[in-house]
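Just add 102 to the spot in the sequence shown (first one is 1) and you have this note's numbering.
C-beta atoms are modelled at their ideal positions from N, C-alpha and C, and glycine is treated no differently.
One structure is given here, and the rest of the page talks about it.
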Amino acid sequence: MSTEAAPPPEVQAAEHGVPESAEIDEPTTLAGFVSRWWSNVRGGDLGSLPIVFGIIAIAIYFQYRNDQFLTAGNFVNLLGQLAPFAVIGMGIVFVLLLGEIDLSVGFVSGVGGVIVALLLQPDGNEVSTPVAIILGLSAGLTIGLIQGTLFAKVGIPSFVVTLAGLLAWNGVVLLLIGDAGTVTIQNAFVNGIANDFLPHGTAWLVLEGAVALYALIQILAARRRAKAGLPHAPASI
């Protein structure tokens, strides 16, 4: 019987051409990022490329149909129109990442909006604008707390809870609006959120401040990862 000790697992792996670790190091240079991205594309991992090409195709088509599509004025209109859906969508992303669903989000936001609009009606009983907005946000927060409790504590599936919420809050919106069918918002501040523009200089300051804040967050995150010995994106990224 042989008494020779078997080589360690890592030696055996090296002898058979197997890497010691399946972990792939993160690239730390711009060239490394580009190389890894191209390797992923060649391997079938297209990432956001289909979305980018889709947006380009849509822009070309609509510009062909109407030469005003790729203009600053039209982009301003598009941004104003998509803002509420983008805000709701950012919240839904976190729900979907958890593998859950929320079918009621549209009418929950509708309840908050209708409450604000009704509280600001110039009928002699209107409240101040900050109070109306706080109450509208509080309504959404309360509804979310109720539905979240039914899901997390009671154990009712999110599909069932939010489907019931969709029907219930749809009814609440109809009850709040009443026979009028629509509520005309006459508050200058609320209308200004969607229609007014910042002064030219202020707009540039907001843009530069947002870019600087984002850059600072990225730099601090890279420094924390570097101190912890973790790979991080290069400064160019």
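Which of the three DSSP states is assigned to residue i in this structure?
i: D169; result: coil
i: N176; result: helix
i: V154; result: helix
i: E125; result: Only weak support exists for where E125 lies, its pLDDT of 46 falling under 50; the coordinates are left without a value.
i: A115; result: Only weak support is given to the placement of A115: the predicted model assigns it a pLDDT of 46, under 50, and the value that follows is read from those uncertain coordinates. If DSSP states are grouped into helix, strand and coil, A115 belongs with the helices.
i: I339; result: coil
i: V229; result: coil
i: E310; result: helix
i: H302; result: helix
i: T284; result: coil
Check each candidate in the options and name the one with the smallest Cα separation from residue i.
i: S338; options: A324, G331, A330, L332; result: A324
i: G214; options: K329, V275, G311; result: V275
i: P259; options: F155, A185, G201; result: G201
At the level of alpha carbons, what is the spacing between residue i and residue j?
i: G283; j: L237; result: 22 Å
i: L300; j: V189; result: 20 Å
i: H334; j: L221; result: 50 Å
i: D169; j: Q183; result: 20 Å
i: F187; j: G193; result: 10 Å
i: D225; j: V292; result: 17 Å
i: Y316; j: L309; result: 11 Å
i: T251; j: G149; result: 36 Å
i: W306; j: V178; result: 16 Å
i: V141; j: A174; result: Reading off the sequence, residue 141 comes out as Ser, not Val. Using only the alpha carbons, I get a separation of about 37 Å.
Exercise for the section: Check whether the region 295-311 touches the region 232-248, counting contact only when three or more Cβ pairs, one atom from each stretch, lie closer than 8 Å. Expected result: Here the region 295-311 does not lie against the region 232-248, with fewer than 3 beta-carbon pairs under 8 Å apart.
Exercise for the section: Say whether the region 201-214 touches the region 226-233, bearing in mind that this needs 3 or more beta-carbon pairs closer than 8 Å, one atom from each stretch. Expected result: The region 201-214 makes no contact with the region 226-233: fewer than 3 CB pairs, one atom from each, lie closer than 8 Å.
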